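*Asks:* Numbering (our numbering), first residue to last: 948 to 1526. Beta carbons are placed, not taken as given, at the ideal position from N, Cα and C, and that holds for glycine. For clarity, every value in this text was computed on a predicted model and none was experimentally measured.
#1: Could you check if residue 1013 is buried or exposed, using at least 16 other CB atoms within 10 Å of its CB as the buried criterion?
#2: Quick one: is residue 1373 buried, meaning 16 or more other Cβ sit within 10 Å of its Cβ, or exposed?
#3: Just the Cα atoms here: how many angstroms apart are residue 1390 and residue 1145?
#4: Which stretch, first to last residue, makes up the beta strand (DSSP E) that contains residue 983?
#5: Thinking just about the alpha-carbon of each residue, which of 1358, 1371, 1357, 1353 is nearest to the one in residue 1364?
#6: On the three-state DSSP scale, how would you describe residue 1192?
#7: Can you give the Cα-Cα distance for residue 983 and residue 966, rounded to whole angstroms?
#8: Measure the alpha-carbon distance for residue 1235 versus residue 1284 and round it to whole angstroms.
#9: Am I right that residue 1071 and residue 1113 are in contact with their C-beta atoms under 8 Å? What's the rounded C-beta distance?
#10: Do residue 1386 and residue 1484 come within 8 Å of each other at the CB atom, strictly closer than that value?
#11: Compute the distance between the beta-carbons of residue 1119 and residue 1153, then report whether it is under 8 Å.
#12: Look at the alpha carbon of residue 1242 and the alpha carbon of residue 1147, and state the distance between them as a whole number of angstroms.
#13: Since residue 966 is in the alpha helix (DSSP H), which residue starts that stretch and which ends it?
#14: Provide the residue span of the beta strand (DSSP E) that contains residue 1354, from first to last.
#15: Are there three or more Cβ pairs, one per stretch, closer than 8 Å when the segment 1332–1340 is compared with the segment 1220–1228?
#16: When you compare the CB positions of residue 1157 and residue 1177, do they come within less than 8 Å of one another, or not?
#17: Given residue 1165, which residues of its chain have a CB within under 8 Å of its CB, disregarding the five upstream and five downstream residues?
#18: Assign residue 1136 to one of two classes, buried (16 or more other C-beta atoms within 10 Å of its C-beta) or exposed (fewer than that).
#19: If you follow the alpha helix (DSSP H) that residue 1513 is part of, which residue opens it and which one closes it?
#20: Looking at C-beta atoms only, is the number of pairs between the segment 1053–1070 and the segment 1030–1042 that lie closer than 8 Å three or more?
#21: What does the alpha-carbon distance come out to for the pair residue 1016 and residue 1170?
#22: Output the boundary residues of the alpha helix (DSSP H) element that contains residue 1023.
#23: Leaving out five residues before and five after residue 1163 in sequence, what residues of the same chain have Cβ atoms less than 7 Å from its Cβ?
#24: Can you confirm whether the segment 1460–1472 touches the segment 1419–1435 when touching is taken to mean that 3 or more C-beta pairs between the two stretches lie within less than 8 Å?
#25: Exposed or buried, what is residue 1362 when buried is set at 16 or more other beta-carbons lying within 10 Å of its beta-carbon?
#26: If contact is defined by three or more beta carbon pairs under 8 Å, each pair taking one atom from either stretch, is the segment 1438–1457 in contact with the segment 1403–1417?
#27: Short of 7 Å in beta carbon distance, which residues of its chain neighbour residue 1231, apart from the five on each side in sequence? Order them along the chain.
#28: Relative to the C-alpha of residue 1476, which residue among 1395, 1100, 1459, 1435 is closest?
#29: Relative to the C-alpha of residue 1032, which candidate in 1189, 1102, 964 has its C-alpha closest?
#30: Whole angstroms is fine: what's the gap from residue 1328's alpha carbon to residue 1258's?
#31: With a threshold of 8 Å, are at least 3 pairs of Cβ atoms found where one atom belongs to the segment 1311–1329 and the other to the segment 1265–1280?
#32: If I follow the unbroken alpha helix (DSSP H) through residue 1425, where does it start and stop?
#33: By how many angstroms is the C-alpha of residue 1091 removed from the C-alpha of residue 1024?
#34: Using the Cα positions of residue 1247 and residue 1142, report the straight-line distance between them to the nearest angstrom.
#35: What whole-angstrom Cβ distance do residue 1504 and residue 1435 have, given they're in contact under 8 Å?
#36: Check residue 1383 in the structure and name its three-state DSSP category.
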């Protein structure tokens, strides 16, 4: 230990510290949000573990000296930091309320280095317990008022506890690298990270995952909704503020877009395929003993699936395996059997594109002893995955809540928030689509002449007709007023439009007085009090498909829709056109 103290003294006296900067990346856009300043020892003969050095200076009573040296070196080199990027500076929790520290972070001091206070984030590391909690909390408020950011480090490591988070009310939480390591293979870590991510969303705190070292870890964190990431897979610490590898940036944006599409669809477009998971798979020849030992060691696994090639032939639940291998003679009687000899084959199969609510109704009609069995999802006879009853019911509840919260109050159809998700999921996806917009012509004249109650009846009629025509699981929504939308997962929308126009022309006449139907128009006063003739209501339908054109932005799509709507409105009477 004395040797370590001597080395540290030489490092401090000689200033043998240099900063390196590791990028912190948005796990949504793939862009650099900021850099964490880390410290390295420059003299080869004085090399030691950095963490050990920081712990040792606490015992030596010279924490302030080392922290000041590291911080000054980091700021001196920060003149080349890209504008607008955050700079994360590590600070001991007991130093942050030291008056010398406060005086060292005036705006005048930072301006000398060309740095804005908005770009500085104090990353609090709790190497030792906070000795004066009132002073600590007061200092945090002081720095926040000066527009500095606050981050809590090592969340999940046992150092940064709930009291620290409550006291600091930080802008950022940083997940400890031990929580991130192999998170794609560890169900407990996944659940903990998911809970922290949900907490951060509700508390308006940005979450950063440290120590990302593999592509699989990265994908899992994106899936869990973690906003930012840091680690050797994304970028190593460099002496300069290095740019991000374009391959990494593209990988993040591509995978986030894919996850966004899947998430958007699963929240409002109830197709069972988007809920299913592959789960744990075994071949029919696998030994029952092997499967039993595997599932016993994995508490999160409740079922395994027996797949021959690409075809599912059965499944086994943990409960069934425990019954086979438990008891006095269970193991000795069954350990030689293959899973094919003991698996269940009486399972519920669902097509990949079956609506979730329909699957739920059919699943609930099974015999009581099968009610909680998983639902097997297949596509063209091939195993796609399985859905647990828990996931199925949660999805149904979420769909109902989404629809209830965002539905149009008159027609009950999904409103703009859900429609935006649906549209984005199509135009940024790869599957065929045809999106048609419906506008009632001459509706205002009818509304003025017949009154709002009858006007509402016409809107309800159109909503009802659209739902009746949606025989291929088309998504029907109500934009507002007399504007509706239908989203289909196929290119050919012509037949839908033709059938809809025929049904509308036949049934809308029942909403008019016989004399108006006979002469073919309404005689009523316009908004200026002048008597005018208004044609009977008709429909203009503008449709966009991706048969020949794809879209990179929502703005490009909206421009085409707007142009086509104007073309359709120029025609007298009902008309449709699909690009």
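*Replies:* Let me lay it out:
#1: In the chain shown, counting from the first residue as 1, residue 1013 sits at position 66. So residue 1013 ends up on the buried side.
#2: Start at 1 with the first residue of the chain shown, and residue 1373 comes out as number 426. Answer is buried; the Cβ neighbour count reaches 16.
#3: For this step, residue 1390 is matched to residue 443 along the chain shown. For this step, residue 1145 is matched to residue 198 along the chain shown. The straight-line gap separating the alpha-carbon atoms of residue 1390 and residue 1145 is approximately 45 Å.
#4: If you number the chain shown from 1, residue 983 lands on position 36. 979–988 is the span of the beta strand (DSSP E), which, as asked, contains residue 983.
#5: Here residue 1364 refers to the residue found at position 417 of the chain shown. Of the listed residues, the one whose Cα sits closest to residue 1364 is 1353.
#6: As a working note, residue 1192 is residue 245 in the chain shown. Residue 1192: coil per DSSP, three-state reduction.
#7: Position 36 of the chain shown, counted from the first residue, corresponds to residue 983. Position 19 of the chain shown, counted from the first residue, corresponds to residue 966. Looking at the two C-alpha atoms, the distance is approximately 10 Å.
#8: Mapped onto the chain shown, residue 1235 falls at position 288. Mapped onto the chain shown, residue 1284 falls at position 337. Each residue's alpha carbon lies about 6 Å from the other.
#9: Mapped onto the chain shown, residue 1071 falls at position 124. Mapped onto the chain shown, residue 1113 falls at position 166. The pair is not a contact, with the Cβ atoms about 13 Å apart (cut-off 8 Å).
#10: The residue labelled residue 1484 in the question sits at position 537 within the chain shown. The residue labelled residue 1386 in the question sits at position 439 within the chain shown. In terms of Cβ geometry, residue 1484 and residue 1386 do not form a close pair [threshold 8 Å].
#11: On the chain shown, residue 1119 is found 172 positions in, with the first residue counted as 1. On the chain shown, residue 1153 is found 206 positions in, with the first residue counted as 1. It is a contact, given that the beta carbons lie within the stated cut-off.
#12: Taking the chain shown and counting its residues from 1, the one referred to as residue 1242 is at position 295. Taking the chain shown and counting its residues from 1, the one referred to as residue 1147 is at position 200. In this structure, the CA atom of residue 1242 is about 33 Å from the CA atom of residue 1147.
#13: As a position in the chain shown, residue 966 is number 19, starting the count at 1. No alpha helix (DSSP H) holds residue 966; the beta strand (DSSP E) holding it covers 964–973.
#14: Sequence index remark: in the chain shown, residue 1354 carries index 407 (1-based). Counting along the chain, residue 1354 falls outside any beta strand (DSSP E), and DSSP gives it neither H nor E.
#15: yes
#16: Reading the chain shown from its first residue, position 210 is the one you call residue 1157. Reading the chain shown from its first residue, position 230 is the one you call residue 1177. In this structure, residue 1177 lies closer than 8 Å to residue 1157 by Cβ.
#17: Translated into positions along the chain shown, residue 1165 becomes position 218. Excluding residues within five positions, the ones whose Cβ falls inside 8 Å are 974, 1159, 1176, 1180, 1181, 1198, 1199, 1202.
#18: By one-based count along the chain shown, residue 1136 stands at place 189. Residue 1136 should be labelled buried.
#19: Taking the first residue of the chain shown as position 1, residue 1513 is located at position 566. Counting along the chain, the alpha helix (DSSP H) containing residue 1513 begins and ends at 1501–1516.
#20: Contact between the segment 1053–1070 and the segment 1030–1042 is present: three or more C-beta pairs spanning the two stretches fall below 8 Å.
#21: Counting from one through the chain shown, the residue named residue 1016 turns up at place 69. Counting from one through the chain shown, the residue named residue 1170 turns up at place 223. Straight through space, the alpha carbons of residue 1170 and residue 1016 are spaced by roughly 39 Å.
#22: Stepping through the chain shown from its first residue, residue 1023 is reached at position 76. Counting along the chain, the alpha helix (DSSP H) containing residue 1023 begins and ends at 1010–1023.
#23: Residue numbering aside, residue 1163 sits at position 216 when the chain shown is read from its first letter. 1131.
#24: Taking a cut-off of 8 Å on C-beta distances, the segment 1419–1435 does not touch the segment 1460–1472, as fewer than three cross pairs fall below it.
#25: Residue 1362 sits at position 415 when you count from the first residue of the chain shown. It is buried - the Cβ of residue 1362 has at least 16 other Cβ atoms within 10 Å.
#26: yes
#27: Translated into the one-based positions of the chain shown, residue 1231 becomes position 284. 1253, 1255, 1260, 1285, 1286, 1287, listed in sequence order.
#28: Residue mapping note: residue 1476 aligns to position 529 of the chain shown, counting from 1. If we check each option's Cα against that of residue 1476, 1395 comes out closest.
#29: Residue 1032 sits at position 85 when you count from the first residue of the chain shown. Out of 1189, 1102, 964, 1189 has the C-alpha closest to the C-alpha of residue 1032.
#30: Taking the first residue of the chain shown as 1, we reach residue 1328 at position 381. Taking the first residue of the chain shown as 1, we reach residue 1258 at position 311. Spanning the two alpha carbons is a distance of roughly 7 Å.
#31: no
#32: As a position in the chain shown, residue 1425 is number 478, starting the count at 1. Where residue 1425 is concerned, there is no enclosing alpha helix (DSSP H), although the beta strand (DSSP E) it sits in stretches over 1422–1427.
#33: Along the chain shown, read from residue 1 onward, the residue named residue 1024 stands at position 77. Along the chain shown, read from residue 1 onward, the residue named residue 1091 stands at position 144. When rounded, the distance between both Cα atoms is 24 Å.
#34: Numbered from 1 along the chain shown, position 300 holds the residue referred to as residue 1247. Numbered from 1 along the chain shown, position 195 holds the residue referred to as residue 1142. Approximately 16 Å between the Cα atoms of the pair.
#35: Position 557 of the chain shown, counted from the start, is the residue given in the question as residue 1504. Position 488 of the chain shown, counted from the start, is the residue given in the question as residue 1435. Between residue 1435 and residue 1504 the Cβ distance is about 15 Å, and since that is not below 8 Å, they are no contact.
#36: Within the chain shown, numbered from 1, the residue matching residue 1383 stands at position 436. In the three-state reduction of the DSSP assignment, residue 1383 falls in the strand class, which pools E and B.
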